[in-house]
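> Once you've had a glance at the structure underneath, I'll fire off some questions.
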Amino acid sequence: MKIITWNINSVRLRLPLVLDLLAQQQPDILCLQETKCPDDHFPHDAFDEAGYAHRAIRGEKGYNGMAILARQPLYDIRHLNWVGRQDCRHLAATLENGISIHNFYIPAGGDVPDPATNDKFAHKLEFLKELEEWSRDQADQRAVLVGDLNIAPRDDDVWSHKQLLKIISHTPVETDGLNAVMAAGGWQDAVRQMIPEGLLYSWWSYRARDWDAADKGRRLDHIWVTTPLRDQIKAATVLREVRGWPQPSDHAPVVMEMQPS
DNA sequence: ATGGTAGGTCTCCTA
Numbered sequence: 050m051k052i053i054t055w056n057i058n059s060v061r062l063r064l065p066l067v068l069d070l071l072a073q074q075q076p077d078i079l080c081l082q083e084t085k086c087p088d089d090h091f092p093h094d095a096f097d098e099a100g101y102a103h104r105a106i107r108g109e110k111g112y113n114g115m116a117i118l119a120r121q122p123l124y125d126i127r128h129l130n131w132v133g134r135q136d137c138r139h140l141a142a143t144l145e146n147g148i149s150i151h152n153f154y155i156p157a158g159g160d161v162p163d164p165a166t167n168d169k170f171a172h173k174l175e176f177l178k179e180l181e182e183w184s185r186d187q188a189d190q191r192a193v194l195v196g197d198l199n200i201a202p203r204d205d206d207v208w209s210h211k212q213l214l215k216i217i218s219h220t221p222v223e224t225d226g227l228n229a230v231m232a233a234g235g236w237q238d239a240v241r242q243m244i245p246e247g248l249l250y251s252w253w254s255y256r257a258r259d260w261d262a263a264d265k266g267r268r269l270d271h272i273w274v275t276t277p278l279r280d281q282i283k284a285a286t287v288l289r290e291v292r293g294w295p296q297p298s299d300h301a302p303v304v305m306e307m308q309p310s
């Protein structure tokens, strides 16, 4: 079973790229974030034709928005509201084999890493706290958590650990918070299980003149599994080359292959 | 130290 997660930054504008990725990678499951697409405008027909007849979607106008596309049926499609808001940052479904897929888009958090003066950063930290509490109940489940978590937890998940310590996505309060989420749920980082050492990124800013040459990336996108699934991971990596496709998202897809169960 | 680009959409917000 192959699962891909991708922050697509508008599913309508990027539809040709999504279809190319599906054709090239043939995943069983594709989880999208930042679809920026109300549900009544979702491009259902294109995904039907591509063979992804089973879909869970949850969008809103302009911001956020989640989707899970699958070649197999999706059961118990659901979401939770986080930090008392209705924004579309979580979508979950269960597969025929009983594995639950949780797709997340954690708030980016704005620019100033001070929750007292920056409401967006306070929101991000509250979201992490709720994720930690929720994760306690996931540890004994067969579950996969994917998404744009907007945090690069390890020193080698950013181009310069020292230069990013006060930059939101790599501040200690965030990386500690994400590590607490992982510990609470027994979550295993599938990509770092397969690529345990070395610099690795999944996001490169649009603002760089040459993202590939500058290579000032961060690993913001993740695939985790609970402990009961950890021995089923066969492969996991970042599809970096997709960041270089025409009119790209600023995020690259992250892929994991598991033994069937 | 600063500003750089992208997407959606009602003029600026979010990333």
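With my numbering, the residue at position 241 of the first sequence is 290, and numbering never jumps. Note that the Cβ used here is the ideal one computed from N, Cα and C, for glycine as well. Since the model is a prediction, treat every value here as computed from it, not as a measurement.
Considering Cα atoms alone, identify which of A116, Q74, E145 is closest to S310.
Looking up residue 310 in the first sequence gives position 261. Comparing Cα positions, the closest option is E145.
> Just the Cα atoms here: how many angstroms apart are A233 and W294?
Translated into the one-based positions of the first sequence, residue 233 becomes position 184. Translated into the one-based positions of the first sequence, residue 294 becomes position 245. Distance between the alpha carbons of A233 and W294 is about 37 angstroms.
> Note down, in chain order, each residue of its chain lying with its Cβ closer than 7 angstroms to the Cβ of K283, except the 5 sequence neighbours on either side.
Position 234 of the first sequence, counted from the first residue, corresponds to residue 283. Around K283: E306, M307, Q308.
> How far does the alpha helix (DSSP H) with M243 in it extend, from its first residue to its last?
Walking along the first sequence from the start, residue 243 turns up at place 194. Looking at the DSSP string, the run of the alpha helix (DSSP H) that includes M243 is 239–243.
> Tell me the DSSP bridge mates of N116?
Residue 116 sits at position 67 when you count from the first residue of the first sequence. The sequence given here has Ala at residue 116, not Asn. A116 is bridged to L81, I106.
> List the endpoints of the continuous beta strand (DSSP E) containing L194.
Counted from its first residue, the first sequence places residue 194 at position 145. Run containing L194: 192–197, per the beta strand (DSSP E) assignment.
> For the alpha helix (DSSP H) that L180 lies in, which residues bound it at each end?
The residue labelled residue 180 in the question sits at position 131 within the first sequence. That run of the alpha helix (DSSP H) goes 168–184.
> Using the rule of at least 16 other Cβ atoms within 10 Å of the residue's Cβ for burial, across every protein chain shown, is P221 buried or exposed?
On the first sequence, residue 221 is found 172 positions in, with the first residue counted as 1. Flag for P221 reads exposed.
> Who does A284 pair with in a DSSP beta bridge?
By 1-based counting over the first sequence, the position of residue 284 is 235. BP columns for A284 point to E306.
> Can you tell which of I106, A102, D160 has the C-alpha that lies nearest to the C-alpha of H151?
In the first sequence, counting from the first residue as 1, residue 151 sits at position 102. Among I106, A102, D160, the Cα nearest to that of H151 is on I106.
> Starting from L68, trace the beta strand (DSSP E) both ways and give me its first and last residue.
Working through the first sequence from its first residue, we reach residue 68 at position 19. Residue range 64–74 is occupied by the alpha helix (DSSP H) that includes L68, with no beta strand (DSSP E) assigned at that position.
> Identify the residues that DSSP records as bridge partners of K51: which are they?
As a first step, residue 51 must be located in the first sequence, where it is residue number 2. Paired residue(s): E306.
> Starting from H93, trace the alpha helix (DSSP H) in both directions and tell me its first and last residue.
Here residue 93 refers to the residue found at position 44 when the first sequence is read from its first residue. Annotation: the continuous alpha helix (DSSP H) that includes H93 extends over 93–98.
> Can you list, in chain order, the residues of its chain with a C-beta nearer than 8 angstroms to that of R185? Leave out the 5 residues immediately preceding and following it.
On the first sequence, position 136 is the one that residue 185 refers to. Correct list, in chain order: A233, G234.
> Just tell me which of T84, L180, A72, I53 has its CA closest to the CA of G133.
To locate residue 133, count along the first sequence from 1; it is residue 84. Comparing Cα positions, the closest option is L180.
> Using the rule of at least 16 other Cβ atoms within 10 Å of the residue's Cβ for burial, across every protein chain shown, is L311 buried or exposed?
Nothing can be reported for residue 311, as the shown portion of the chain is limited to 50 through 310.
> Quick check on this structure: which residue in D94, M115, A171 has the alpha carbon closest to the alpha carbon of D160?
Your numbering for residue 160 matches position 111 in the first sequence. Per the Cα distances, A171.
> If contacts are defined as beta-carbon pairs under 8 angstroms, then E109 and D136 qualify, I think. What distance do you get, rounded to the angstrom?
Here residue 109 is taken as the residue at index 60 of the first sequence, counted from 1. Here residue 136 is taken as the residue at index 87 of the first sequence, counted from 1. Confirmed, Cβ separation roughly 7 angstroms.
> Output the boundary residues of the alpha helix (DSSP H) element that contains D130.
Mapped onto the first sequence, residue 130 falls at position 81. A small fix is needed here, since residue 130 is Asn in this sequence, not Asp. No alpha helix (DSSP H) contains N130, which DSSP labels as neither H nor E.
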